[in-house]
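Before any comments, here is the structure.
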Amino acid sequence: MDKNLEYYMKLKYPVVISELEDEGETIYKARIEELPGLVVYAHSLDDVISELIAAKQAWFETALELNRRIREPKDLDEYSGRTTIRMSRSLHKKLVELAKTENVSLNAVINQLLERNCLSFTA
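Just so it is clear: in the sequence shown, position 57 is 253 by the numbering used here, and no numbers are missing.
As structure tokens, then:
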């Protein structure tokens, strides 16, 4: 298949939408992390989605005109769900104690904390 504008517009890129407040007014921010610099703002969810679609099209048009490489969305199958982390002994101890208190596995505690912090970090 020819990788033209239509091809790229049909790809399903993960979108991050955040709700922000500016001087008491709600503003929505939408971005596609895999497309550098693609960020839009609007006063409603409908508008931010419309703006994102228009900006995505302009982003692809420009990249194609300049013969720039366009990253395609990563497939979840590319991720195993496993990783190795290093931490201080004191943090390890705190996490083990928290797992015992909550009566869950250490893995469950780490996963829950990472998930909670990733969600707040992307906002």
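Virtual Cβ for every residue (Gly too), placed ideally from N, Cα, C.
Only a predicted model underlies this, so the values are computations on that prediction, with no experimental measurement involved.
In the DSSP assignment, the beta strand (DSSP E) including residue i goes from what residue to what residue?
i, result
"T258", "Note, T258: premise wrong, no beta strand (DSSP E); alpha helix (DSSP H) at 241-261."
"K225", "221-227"
Taking 7 angstroms as the cut-off, is the beta-carbon of residue i closer than that to any non-hydrogen atom of the ligand ADP?
i, result
"L216", "The ligand ADP is not among the ligands present in this structure, which contains no ligands whatsoever."
Out of the options, which one is the CA nearest neighbour of residue i?
i, options, result
"A226", "D218, V212, S286", "V212"
Which residue marks the beginning of the alpha helix (DSSP H) containing residue i, and which one marks its end?
i, result
"M206", "Sequence check: residue 206 is Lys here, not Met. Residues 201-206."
With DSSP as the reference, label residue i as helix, strand or coil.
i, result
"L302", "helix"
"L294", "helix"
"S286", "helix"
"E311", "helix"
Taking the straight line between their C-alpha atoms, what separation do you get for residue i and residue j?
i, j, result
"A251", "D243", "12 angstroms"
"A295", "L207", "40 angstroms"
"S214", "L302", "30 angstroms"
"V235", "V300", "39 angstroms"
Please classify residue i as buried or exposed, where buried requires at least 16 neighbouring CB atoms within 10 angstroms.
i, result
"L248", "buried"
"I281", "exposed"
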